[in-house]
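Add 589 to a position in the sequence shown, counting from 1, and you land on the number used in the working numbering.
Beta carbons: idealized from backbone N, C-alpha and C, even for Gly.
One structure below.
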Amino acid sequence: MKIDRSRIKKSTSEVPAECQALIDKLRSCSKKELLEELKKIDTWTFGKCELYHWIEILDLCDSILAAAATRVSPKSWQICCDLPENQESKELLLWVLHFTTLLIEHSFSRHLYNSVEHLLTLLSSCDLDVVLGVLNLLYMFSKRSNFITRINAEMRNTLLKCLTYLAESWGGRENGFGLADCVRAHTPFPLTATTLHYEFYTEDKSSSSQASCIHLENVDQISKLPSEIMDGLVESFHVPKDGHMLLFTHLRLAHSFSNHSLRLKCVQARLQALSVLLYSNADSHNLLYPGILDELVQLLELHHPGLVEIRSAALRTLTSIIHLDRSPHLPKKPGSRLNMIIDVTGAALYHGFLPQLVRSCISSLTSDGSQSSDAPEDQFPLPLATALFSFLYHLASYEAGGEALVSCGMMECLLRVINWPGLELEHITFVTRAVRVIDLITNIDMQSFQSHGGLNSFINRLEMEINICRQDQPYEIVVQSQRHFQHTDSVGEGGSSPRAQEEPMDFVDEEMVRIAIDRVAVDSDSNPSCSKDQMSVSDTIYDKSHISDNSSKVNKTCLPQRAALLKSMLNFLKKALQDPAFTESIRHVMDGSLPTSLKHIISNAEYYGPSLFLLATDVVAVYVFQEPSLLSSLQDIGLTDVVLHALLIKDVPATREVLGSVPNVFSALCLNTRGLASFIKYKPFEKLFKVLLSPNYLSAMRRRRSSDPIGDTASNLGNAMDELMRHQPSLKSDAIAAIIKLLQELCLLGHDPKYVCWKPQKGSSGESPHPVPRVSNEAGSSDEEEEDEEEASTSSHPQREDSSVDTSTTAFSEKTPVALVDYILNVMKFVDAILSNNSTDDHCREFVSQNGLEPLLSILALPNLPVDYPITPAAQAVASVCKSVLNLAHEAQVMKSGLAQLSEVLTRLNPLCHRQQEQCGSILLEELARAPNMETAFSTPSATPLLHAMAATHGYVIMFVHVCRTGQLDIRTISINNWGSELGLTVLTQLADLYSALVWESTVLLALCSEDSNREFTKEEIFKYCPPSMMRTQSESMDISSESQEENMEVDDEKFFNRATSKSTSVIPPNIKLKYIKPLLGASSRLGRALAELFGLLVKLCVGFPVRTRRGNHLTNTPVSPTPSAHNVANSLAALLTRGLSPQFLPDSPVAKFKLTYLI
């Protein structure tokens, strides 16, 4: 079935250029051309991306699968791909299955795949090659994801039954059906192997069950396809439908068993089906009969060249059995099968079968073939070697398996693979697996690794792989260090030219470096244009166009297989540098080629991907923390400058992991005076903090899942930045200044009329209005051993529906949408983490002394914010920062500045608070009606100033409620003293007037929305504020006939109004209520409730601090007399109540019921 695009979320991740080129090529091919293209794709070299981008190709493949799986007739078992005239279509089908398997292996979000029903049909093919192709695809799904467990229950149960029929035992060794016996060419087999014997029960008309039996001998001699025989059996016998697949599976086996090549495919299909069931955590442990492990090992001991696929399948099955031990729901204890596998394979013995097999495989791979008459690829072909290394990885992932590999002396031969200079892609995958196995067994024994020179082997291999990458991406950052800190004349690995030395020493040079594979040579004079690209680091503006041009000029990404190898080696190096066994040798690890390799990775985050970039910077940080005294040596060779340049001049990769690690890297680089001075020269904080206001980083700021235990990226970044500032107190002033500048830039976004706050439309996933670029070439894509996570949501893999901004009008669409609310939320979490990560007040006092409160509090009144902003987490986040400053620093300035800004906002609400006597209707509705464009009025501050001033007031009220709600006596005292001051009482009086006005506004708006409201008043209000043309436009959903609409063009407005509302119990059309009146009612009601909460909180503050009475303490507590400020606040609140209940202050109303509602 083709993928239903209307039901899936759109992706915002970028497609690797190689993937996009292949997609464009395949979708333009005819079937014949498609076959030729698919034949060229034997190994995946196109990067890794979301499966969403391949939807067109998957739909194309689905149509091919559907044509091949079409049955000749509805009740027939013959399918089109088995017909003799469809041989070309069958070849295309097999290559489509092969391509889909590769695609599933190198993609994520695999839940989009939607062709399982065709795979189920193809499992009943008479051609075992087709069955094996389907099983290979299902194997990839089961091993790399939880796809099979997520498909619908009916389809999943049918699939698992089909696989169980394929995987069940044929009788075992005692009956002559051992796996090794079945694959031997000249071994006689029992006569029952070609006999179909099937017993079943049928129900007659009297509903009684009757036993029946189908018995056919010598099925292999019937000159018909199994499907044709099946059609005859189904027609002759009333076999229950749920038994058809089991019968056909037995029939196909009996028909194929006498043919040796077909029998081999049957054995392979049985093993592959068993592996799929085990990886899918299906109830398949009953298929693991006693002796199956011995049978699998016997298969491995066969050395016939034609049994390569069988031996590979046996290894994959052993690997899946190891995986089965992870399940806690199985009858056997965890590890029991693992110990049996170790015993039957001799994994713990130096001369055991498995260690000897591994040594032979490695010798075959690493030799040039001159020492043997057989070519290495003939002895250990790619599938067998791949399965063997995969088995080793899974075995080593358990402690018992790792100890066994240590005991058999596996380290030396694995290091031979690392030292092997194989460059083909399949060779790279073997090296990757060897690295991962070494990584696992060194957790148990690091001594053997060190004694065989393992660390040097890893560093040399890393250098070799990086030098190959330099051919695709020769760019490398070269930074000219300051003269008085420069201890050597070389900038990179090569020496700098006299011209470069004569230039100012605080300049940064960017150049393309052409590098041979075996040696890196940097020549500043080779690029005559480099002087044009120089820019002072001390400048606040840096031209990044040169960087992007150079670093992405090649427009390539690292091959997934090579990226997986680099990731594995860097992970191991990061672990090894912290191992006590390397205490002595670690001091010299940076004397060789490792810094040069790290420079290239760090210089080219776009090429290598964020994962490798993060690991490379982490290796540098770990090394510095382990050996702080050697930081100067890294500075001499320019590695630290490259790291700073990559993080502060170029754009930081937009992932949560990279952003969270940046402060830790900076802490490492600032451990000496020279590093700190170099760091400060870059003006780092302003550049780093700007990621919080960039749409490219929005997805990285969100939590990946709601159940994610770690905090969000912004908070983690703030906590890490606080640690950096505490390690280096001299950075505190600059960092706080950069934070305040960040707040000011946020205020500029909120005031600039050319911007409009972007809001996700209903049903969208809330992603940024701009596409989020994402490097999809994640390292580790070729890893068959690490199970991928299936993420249907992800911020890590961002997906969203159409979340375009409403551009229904030209004026509104001219504004640039910005995710202002998201920016505020992220910045506030970041700032709050810095200020409150520790209980000390130094950061808060520095923040206040640099006048940070003014831009902080101004955020609450930004005109570009939406009117419902106060109920979002962003407003609460601003209040949390204010509370942190007040609680930690006891700064009364928080209250004073807040009250002053609130007073300014309240003056803009005077038309609402002091209504004229003739204004008995809704002032907010009147303001909305006067707007030039009602569609955009809620988002335009100039069109609805009162509504936006109410939203700003609501933000301040929430802040004060959050700040004043505290149990600390001194904070309560500060609060009540400020509310009792002259400014506080003035604001309180303004809030009281606003509260009274809001109660009346809510009363009127509620009446307009009510079904039983006064029709005459409602009719008058609507005619006063809502143009009849708008009523016509908005009444389209009210089932008015076209004839009456034409007639309405000739009648007056009152007749139109009466006609439009005659078909509804309400005077106002429901869509007008929903679109215009209810948002106004919601805004006024929310602010009214917030004010009532604030007034109630102030009452509690006025009566003093509650005194706890301990049990057994019978002393009488002396009541504390309220302070003068508390008296003033209490009097003001009492005046509010008095005025609200006094008849003389009731507003004029044409409907008496409104006054009663107002009082209530």
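Rounded to whole angstroms, residue 926 and residue 728 show a C-alpha spacing of 21 Å.
By the neighbour-count criterion, in which a residue is buried when 16 or more other Cβ atoms sit within 10 angstroms of its Cβ, residue 895 is exposed. Apart from the 5 residues on each side of it in sequence, residue 854 sits with its Cβ closer than 6 Å to the Cβ of 717 in its chain, given in chain order. Contact between residue 1280 and residue 1241 holds, with the beta-carbon distance rounding to 6 Å and staying under 8 Å.
By the Cβ test, the stretch 661 to 675 is not in contact with the stretch 1179 to 1190, since fewer than three Cβ pairs between them sit closer than 8 Å.
Residue environment: residue 1411 is assigned as buried (16 or more neighbouring CB atoms within 10 Å of its CB, all protein chains considered). The secondary-structure analysis by DSSP pairs residue 788 across a beta bridge with 802.
In the structure shown, the three-state DSSP call for residue 1065 is strand. CA-to-CA, the gap between residue 819 and residue 613 works out to about 43 Å. Taking a cut-off of 8 Å for Cβ pairs, the stretch 931 to 942 and the stretch 990 to 1000 touch, as three or more such pairs fall below it.
The beta carbon of residue 640 sits closer than 6 Å to the beta carbons of 696, 698, 699 and 701 from its chain, once the five residues preceding and following it are set aside; these are given in chain order. In the same chain as residue 633, and ignoring 5 residues on each side of it, the C-beta atoms closer than 6 Å to its own belong to 691 and 695, in chain order. Around the beta-carbon of residue 1728, fewer than 16 other beta-carbon atoms lie within 10 Å, marking it exposed. With fewer than 16 other Cβ atoms from the protein chains shown falling within 10 Å of its own Cβ, residue 616 counts as exposed. With fewer than three CB-CB distances shorter than 8 Å, the stretch 1057 to 1071 does not count as touching the stretch 1021 to 1037.
DSSP, reduced to helix, strand and coil, places residue 1149 within a helical segment of the structure shown.
Taking the Cα of residue 1593 as reference, the smallest distance to any Cα among 1673, 1528 and 1577 is reached at 1673.
Annotation for residue 1345: no alpha helix (DSSP H) segment contains it, though the beta strand (DSSP E) segment containing it runs 1344 to 1346. A straight-line Cα-Cα distance of about 27 Å links residue 1270 and residue 1284. Distance from the CA of residue 651 to the CA of residue 733, rounded to the nearest whole angstrom, comes to 21 Å. The stretch 651 to 661 and the stretch 705 to 721 touch, with no fewer than 3 CB-CB distances between them shorter than 8 Å. Linking residue 1217 to residue 1168 through their CA atoms gives a straight-line distance of about 16 Å. Contact between residue 648 and residue 591 holds, since their C-beta atoms are separated by about 5 Å, short of 8 Å. For residue 1024, the enclosing alpha helix (DSSP H) covers residues 1014 to 1030.
Rounded to the nearest angstrom, the Cβ distance from residue 1253 to residue 1210 is 6 Å, consistent with a contact under 8 Å. Residue nearest to residue 846 within the set 759, 637, 607 and 1556 is 759 (criterion: CA-CA distance).
Taking residue 1019 as reference, the option from 951, 1059, 1036 and 987 with the minimal CA-CA separation is 951.
Closest option to residue 859, judged by alpha-carbon separation, among 821, 826, 628 and 898: 898. Under the three-state reduction of DSSP, residue 660 is assigned to strand. Cβ-Cβ distances below 7 Å link residue 832 to 789 in the same chain, with the five nearest sequence neighbours on each side left out; the list follows chain order.
In this chain, the beta strand (DSSP E) harbouring residue 1406 covers 1405 to 1407.
In the DSSP assignment, residue 1341 falls outside any alpha helix (DSSP H) and carries neither an H nor an E. Taking each of 1194, 682 and 791 in turn and checking the Cα distance to residue 624, the smallest one comes out for 682.
A direct Cα-to-Cα measurement between residue 1407 and residue 1273 gives close to 25 Å.
The alpha carbon of residue 1546 has as its nearest neighbour, out of 775, 1675 and 1499, the alpha carbon of 1675. DSSP places residue 855 in the helix class (H, G or I) of the three-state scheme.
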